[in-house]
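S.K.:
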Amino acid sequence: MLGHRVLAVWSVLVCAAAYAVTTGVGAAPEPAGQAAPADLAALKAKFRRPDATPFPKANPHSPEKEALGKALFFDPRLSRSGSVSCGTCHNPSLGWTDGLPRAVGFGMATLHRRTPPVRNLAWGAAFQWDGRADSLEAQARMPITAPDEMNMTMDLVVERLKAVAGYGPLFAGAFGGDDPISARNVTAALATYQRTLVSGEAPFDRWIAGDETAIAPDAKSGFALFNGKAGCAACHSGWRFTDDSFHDIGLTASDDRGRGKFAPPSVVAMQNAFKTPSLRDLRMQGPYMHDGQIGSLADVVEHYAKGGEKRPSLSFEMKPLDLSEAERRQLIAFLETLKAEAAPVALPQLP
Amino acid sequence: MAPILLRSALLACLIAVAAPAAAEEFEIPIHHTEVLDTGVKPKLGDTLAFVNHADIAHNLYLTYEDGTVETLDTQPPRTTKRTTLKHAGHVIVRCWIHPIIRMEFDVAAN
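From first to last, the protein sequence lines stand for chains A and B. Residue numbers for the first sequence, in this note's numbering: 1 to 351. Residue numbers for the second sequence, in this note's numbering: 1001 to 1110.
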């Protein structure tokens, strides 16, 4: 009987603790942690997945355009060497990236930056690590024509595609017209295909949708920290866990000034500033940051806890944090819940 | 005597009509990553005061219709940045840090 009472008291305590973790009752002073259930519901709503994928009016979706875009994405003939496709670096088997600290470009040269995954870009506001493209259509031609990447000209791309008999019907089906194989249509099709690459449903999404068992208490505490004390959600906000903002987060600097190359010199905050990456479907084994300079998530958390290197361009949001070992584990446990089961990708048969 | 008075009154009226309207200041709040469009209809020489109510910093810039770009300094939370409008026409306000921020309005000529 005493055993039952102890068990009952223990059960109540465990339930109360779990409730406190998700609602923050008795928690450290952190906005999400102190939230009442209604506030927590409002907070969770900010991370709810959208129902549909947006496509711009200027480049609407069609199944034919998506299929053409997929063929082009995996076609190495878009590179000068004829051996590198978009999918070579944005490899679906490696989470639409290459798993390397820094990308390998034309002539096997190591580039300055890590290959970013290409999921959830339909909702993007700026593209490339430095944001120099303001649409996926504009972005699509950049790696193709960059001398140190695929090293092509769009004229040569068009010439090559026109020489492949099977592409004519695909372009005609997607765009119509008398001469549909054009640079503009190549980038439109690539952008359309990329917009269809959307993260699958992760345990976090099931929790947001109301399944309290979908993620563990540690991850719920991590969510509270993420939105509260740790301040991650200041930039990693919304269902994609990024607001596409640009910050110098105080990493070891190099010659690569990031967005500072395009902003006026007076905009000091853009020196060493790179785009806030999405945290969905992180490769838990790393590497991380725009140049792969951090190898593990534990070290990423440590970097933020230290607050980054102090310099004039350091983001205003970068402040040293006092995070316990348990809190660090909780943050990582939360990030793990953002990972969906990878959907199989069937490679296209190229014309 | 009466004609002089009449002429003076007429002159005063003409000056009042010809003189540009006094410059005004419009307050534009920023909440997180949104510059609230308050429907401002400013004119040349008016001042915009961007008030950052967010907990994050911003770095706004204005692009005038003629391509002139005016960048405001980094704006920490709970600070205000002011700028006097220098060109008539369409203006786009954006943020170097947050490209999702965008606000547009027209500046009337005096």
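Where is the CB? At the ideal position from N, CA and C, for every residue including glycine. All values derive from a computational prediction rather than experimental measurement.
Please name the residues in the region 233-255 of chain A whose beta-carbon is closer than 9 angstroms to at least one beta-carbon of chain B, in chain order.
M.R.: ALA234, CYS235, SER237, ASP243, ASP244, SER245, PHE246, HIS247
S.K.: According to the Cβ coordinates, are ARG195/A and LEU136/A closer than 8 angstroms?
M.R.: yes
S.K.: Residues in its own chain within less than 6 angstroms of PRO31/A by CB, not counting five upstream and five downstream?
M.R.: Low local confidence applies: a pLDDT of 40 at PRO31/A is under 50, so the model's placement there is unreliable, and no value is given.
S.K.: Going straight from the alpha carbon of THR53/A to that of PHE223/A, what length do you get?
M.R.: 25 angstroms
S.K.: Within its chain, find whatever has a CB closer than 6 angstroms to the CB of GLY307/A; leave out the 5 residues flanking it on each side and keep chain order.
M.R.: MET318, LYS319, PRO320
S.K.: Taking 8 angstroms as the cut-off, decide whether the C-beta atoms of SER245/A and ILE1097/B are in contact.
M.R.: yes
S.K.: Just to make sure I have the definition right: I need the residues of chain A whose C-beta is within less than 8 angstroms of the C-beta of PRO1076/B. Which are they?
M.R.: Chain A residues near PRO1076/B: PHE316.
S.K.: Are the CB atoms of LEU279/A and HIS236/A nearer to each other than 8 angstroms?
M.R.: yes
S.K.: Are the C-beta of SER266/A and some C-beta of chain C separated by less than 8 angstroms?
M.R.: Protein chains in the displayed structure are A and B, and chain C is not among them.
S.K.: Assign LEU100/A to one of three DSSP states: helix, strand, or coil.
M.R.: coil
S.K.: Can you tell me whether GLN271/A is buried or exposed? The criterion is at least 16 other CB atoms within 10 Å of its CB, across all chains shown.
M.R.: buried
S.K.: Please list the partners that ASP1055/B has in chain A, where partner means a Cβ-to-Cβ separation under 8 angstroms.
M.R.: ALA234
S.K.: For PRO1076/B, tell me which candidate among CYS1095/B, VAL1107/B, PHE1026/B has the shortest Cα-Cα distance.
M.R.: CYS1095/B
S.K.: Is the Cβ of MET289/A closer than 8 angstroms to any Cβ of chain B?
M.R.: no
S.K.: Along the chain, which unbroken stretches of the beta strand (DSSP E) at least 3 residues long are found entirely within the region 226-253 of chain A?
M.R.: none
S.K.: Which two residues bound the contiguous beta strand (DSSP E) that contains HIS1031/B?
M.R.: Counting along the chain, HIS1031/B sits inside the beta strand (DSSP E) bounded by residues 1025-1031.
S.K.: When the Cα of ALA1049/B is compared with those of LEU1085/B, LYS1081/B, LYS1086/B, HIS1058/B, which residue comes out closest?
M.R.: It is LYS1081/B.
S.K.: What first and last residue would you give for the alpha helix (DSSP H) that runs through MET154/A?
M.R.: Secondary structure note for MET154/A: its alpha helix (DSSP H) is the uninterrupted segment 154-162.
S.K.: Can you tell me which of the three DSSP states ARG1102/B falls into?
M.R.: In the structure shown, ARG1102/B sits in a strand (DSSP, three-state: E or B).
S.K.: Threshold first: 4 residues or longer. Then list the alpha helix (DSSP H) segments lying entirely within the region 300-342 of chain A, N to C.
M.R.: 325-336
S.K.: Between ALA1108/B and the rest of its own chain, which residues show a CB-CB distance below 6 angstroms, the 5 nearest in sequence each way excluded?
M.R.: LYS1043
S.K.: Roughly how many angstroms lie between the CA atoms of LEU111/A and ALA273/A, to the nearest whole one?
M.R.: The alpha-carbon separation between LEU111/A and ALA273/A amounts to approximately 18 angstroms.
S.K.: Excluding sequence positions up to five away, which residues of its chain have a Cβ less than 6 angstroms from the Cβ of ASP130/A?
M.R.: GLY258, ARG259
S.K.: Among LYS46/A, PHE262/A, ILE332/A, which one has its Cα closest to the Cα of MET284/A?
M.R.: ILE332/A
S.K.: For the ligand HEM, any of its heavy atoms closer than 7 angstroms to the Cβ of PHE223/A?
M.R.: The ligand HEM is absent from the structure shown, which contains no ligand whatsoever.
S.K.: Can you list, in chain order, the residues of its chain with a C-beta nearer than 8 angstroms to that of THR242/A? Leave out the 5 residues immediately preceding and following it.
M.R.: Short of 8 angstroms from the beta carbon of THR242/A, and not among the five residues preceding or following it, lie these beta carbons of its own chain, in chain order: CYS235, HIS236, LYS275, THR276, PRO277, SER278, LEU279.
S.K.: Rounded to a whole number of angstroms, what is the C-alpha to C-alpha distance between MET142/A and PHE316/A?
M.R.: Rounded to whole angstroms, the gap between the alpha carbons of MET142/A and PHE316/A is 31 angstroms.
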